[in-house]
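Remarks on the structure that follows.
Residue numbers (my numbering): -3 to 334.
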């Protein structure tokens, strides 16, 4: 195979997968379940193959599936935010990229065994990160994929990081559901994710995903997907236990994500529910991001390193990196029939 090819795929007894060089994004994925059903749970943005997509920022160009973000998030202006957030938010770095260098550039294929795909990406010299590497390996005996992600730094640093799995949803409102174990506290986004498309009351906490405070003074069951409202929202689940699942009742399957909670103590839920009207979204994007993070939402490195409200609650929002100790984390995506 050519080292510069944009996509590589693997097939095994329980499915097939594709990884692209851009962002090292994993999708499409087809799982063959024990009952003979074939499912494709990972999301692929509807504009991925449309004319003009090549002029979009790297992360949006062929947005799909799952990928790692180093550093996670991006800085936003502090104006208009609640004081407890605005006082810790800093300006973006001159070279800041949305969800980091890893999300916006072509990775390089690395040699790997016949049953896996491996890629690496070297960061610019000015970055404290030297390179990142990930290996995607199907489980030979079940419909599951194991992923290893490695970060090597040039110098000691603290950074917010995250994983960014995005899953496809059925069209019918409420035909899918989110499941996960215990958590310490849920938190709504402190501002508007997308102006004019807000659903949840800003900067509030909750204890059940089925009862998230809304801007109307009522509560919303945020566990049933897709949502009825056209919205773009984020919820941060703090102290998550390292396991979450999307249950697609319409198509009869469960897809579970498991991760090392000591590396990613929070879970960010990205509700992209027809809320963004500008191109390329065009009010048609419906997906759920189930994203293990060590970050305050996706508010960028400056906020993550400051004494932000999430950090004040005892939840880490940045990882300590050392050039003497490469960071290695492992996570898994597994599918089963209902």
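No residue lacks a Cβ here, since even glycine has one placed at the ideal position from N, Cα and C. The structure presented is a predicted model; accordingly, all values stated were derived computationally and were not measured.
From residue 178 to residue 255, what distance separates their C-alpha atoms?
By one-based count along the chain shown, residue 178 stands at place 182. By one-based count along the chain shown, residue 255 stands at place 259. The straight-line gap from Cα to Cα measures roughly 14 Å.
Throw me the rounded Cβ distance for the residue 159 and residue 314 pair, which I believe falls under 8 Å.
The residue you call residue 159 lines up with position 163 of the chain shown. The residue you call residue 314 lines up with position 318 of the chain shown. Wrong, their Cβ atoms sit about 15 Å apart, outside the cutoff.
On the criterion of 16 or more Cβ atoms from any shown chain inside 10 Å, does residue 280 qualify as buried, or is it exposed?
Counted from its first residue, the chain shown places residue 280 at position 284. With fewer than 16 other Cβ atoms within 10 Å, it is exposed.
Once DSSP output is grouped into helix, strand and coil, what is the label at residue 241?
Working through the chain shown from its first residue, we reach residue 241 at position 245. The answer is strand: DSSP assigns residue 241 an E or B state.
Nearest to residue 186 by alpha carbon, out of 100, 30 and 292?
If you number the chain shown from 1, residue 186 lands on position 190. The residue with the shortest Cα to Cα distance from residue 186 is 292.
Who are the Cβ neighbours of residue 184 in its own chain at under 7 Å, not counting the five residues just before and after it?
For the purposes of this step, residue 184 is taken as residue 188 along the chain shown, with counting starting at 1. The residues are 196, 197, 198, 199, 200, 208, 209 and 231.
Leaving out the 5 sequence neighbours to the left and right, which residues in its chain are closer than 7 Å to residue 350 when beta-carbon positions are compared?
Residue 350 is absent from the model: the chain starts at -3 and stops at 334.
From the DSSP output, which residues share a beta bridge with residue 8?
As a first step, residue 8 must be located in the chain shown, where it is residue number 12. The partner list for residue 8 (beta bridge, DSSP) reads 11.
Please return the same chain residues whose Cβ sits closer than 7 Å to the Cβ of residue 112, not counting the five positions on each side in sequence.
To locate residue 112, count along the chain shown from 1; it is residue 116. Only 131, 132 and 133 meet the Cβ criterion.
Contact between the stretch 16 to 28 and the stretch 51 to 67 is defined here as three or more beta-carbon pairs at a separation below 8 Å; is this criterion met?
The answer is yes - the stretch 51 to 67 touches the stretch 16 to 28, with three or more Cβ pairs under 8 Å.
My understanding is that residue 29 touches residue 276, with C-beta atoms under 8 Å, so please give their C-beta distance in whole angstroms.
By 1-based counting over the chain shown, the position of residue 29 is 33. By 1-based counting over the chain shown, the position of residue 276 is 280. With a Cβ gap of about 32 Å, residue 29 and residue 276 do not count as contacting.
Compare the beta carbon distance of residue 301 and residue 286 with 8 Å and say whether it is the shorter of the two.
Looking up residue 301 in the chain shown gives position 305. Looking up residue 286 in the chain shown gives position 290. No, the Cβ-Cβ distance between residue 301 and residue 286 is not below 8 Å.
So residue 152 packs on residue 319, CB below 8 Å; how close in whole Å?
Translated into positions along the chain shown, residue 152 becomes position 156. Translated into positions along the chain shown, residue 319 becomes position 323. Sure, about 7 Å apart at Cβ, within 8 Å.
Starting from residue 299, follow the alpha helix (DSSP H) in both directions and report where the run begins and ends.
Position 303 of the chain shown holds residue 299. Its alpha helix (DSSP H) spans residues 296 to 301.
Tell me the DSSP bridge mates of residue 290?
Your numbering for residue 290 matches position 294 in the chain shown. Bridge partners of residue 290: 157.
Tell me the DSSP secondary structure of residue 57 in three-state form.
Within the chain shown, the letter at position 61 stands for residue 57. Helix at residue 57.
In terms of DSSP beta bridges, what is residue 143 paired with?
Here residue 143 refers to the residue found at position 147 of the chain shown. Answer is 132 and 327.
Taking Cβ to Cβ, would you say residue 243 is nearer than 8 Å to residue 175?
Translated into the one-based positions of the chain shown, residue 243 becomes position 247. Translated into the one-based positions of the chain shown, residue 175 becomes position 179. Cβ atoms of residue 243 and residue 175: closer than 8 Å.
Is it true that the stretch 39 to 54 meets the stretch 76 to 92, where meeting means three or more beta-carbon pairs spaced less than 8 Å apart?
Taking 8 Å as the limit for Cβ pairs, the verdict is that the stretch 76 to 92 does not touch the stretch 39 to 54.
Using CA coordinates, which residue listed in 331, 296 and 327 is at the minimum distance from residue 145?
Stepping through the chain shown from its first residue, residue 145 is reached at position 149. Of the candidates 331, 296 and 327, the one whose C-alpha sits nearest the C-alpha of residue 145 is 327.
Is the beta carbon of residue 87 sitting closer than 8 Å to the one on residue 9?
Against the chain shown, residue 87 aligns to sequence position 91. Against the chain shown, residue 9 aligns to sequence position 13. Going by C-beta atoms, residue 87 is not nearer than 8 Å to residue 9.
Our contact map puts residue 345 next to residue 99 with C-beta atoms below 8 Å; I'd like the distance itself, whole angstroms only.
No answer is possible for residue 345: the residues shown for the chain start at -3 and end at 334.
When DSSP labels each residue in this structure, what does residue 306 get in the three-state scheme?
In the chain shown, the residue the question calls residue 306 occupies position 310. If DSSP states are grouped into helix, strand and coil, residue 306 belongs with the helices.
Please say whether residue 15 and residue 147 have beta carbons closer to each other than 8 Å?
Position 151 of the chain shown, counting from 1, holds the residue named residue 147. Position 19 of the chain shown, counting from 1, holds the residue named residue 15. No, they are not a contact pair.
Quick one, which of 157, 296 and 262 has its alpha-carbon nearest residue 309's?
Within the chain shown, residue 309 is the residue found at index 313, counting from 1. That would be 262, whose Cα lies nearest to the Cα of residue 309.
Can you name, in chain order, every residue of its own chain whose Cβ lies under 6 Å from the Cβ of residue 13, other than the five neighbours on each side?
Translated into the one-based positions of the chain shown, residue 13 becomes position 17. For residue 13, where only same-chain residues beyond five positions count, the Cβ hits under 6 Å are 6 and 25.
So for residue 278, helix, strand or coil by DSSP?
Here residue 278 corresponds to residue number 282 of the chain shown, with the count starting at 1. Residue 278: coil per DSSP, three-state reduction.
Which residue marks the beginning of the beta strand (DSSP E) containing residue 79, and which one marks its end?
Taking the chain shown and counting its residues from 1, one reaches residue 79 at position 83. Run containing residue 79: none in the beta strand (DSSP E); it sits in the alpha helix (DSSP H), 79 to 82.
Considering only their Cβ atoms, is the gap separating residue 126 from residue 116 smaller than 8 Å?
Locating residue 116 in the chain shown gives position 120, counting from the first residue. Locating residue 126 in the chain shown gives position 130, counting from the first residue. No, the Cβ-Cβ distance between residue 116 and residue 126 is not below 8 Å.
Enumerate in chain order the residues of its own chain whose CB-to-CB distance from residue 189 is below 6 Å, with the five nearest sequence positions on each side excluded.
One-based indexing of the chain shown puts residue 189 at position 193. These residues qualify, in order along the chain: 228, 229 and 230.
In three-state DSSP terms, what is residue 50?
Within the chain shown, residue 50 is the residue found at index 54, counting from 1. The answer is helix: DSSP assigns residue 50 an H, G or I state.
Any idea if residue 250 is buried or exposed, counting beta-carbon neighbours within 10 angstroms, 16 or more meaning buried?
To locate residue 250, count along the chain shown from 1; it is residue 254. Residue 250 should be labelled buried.
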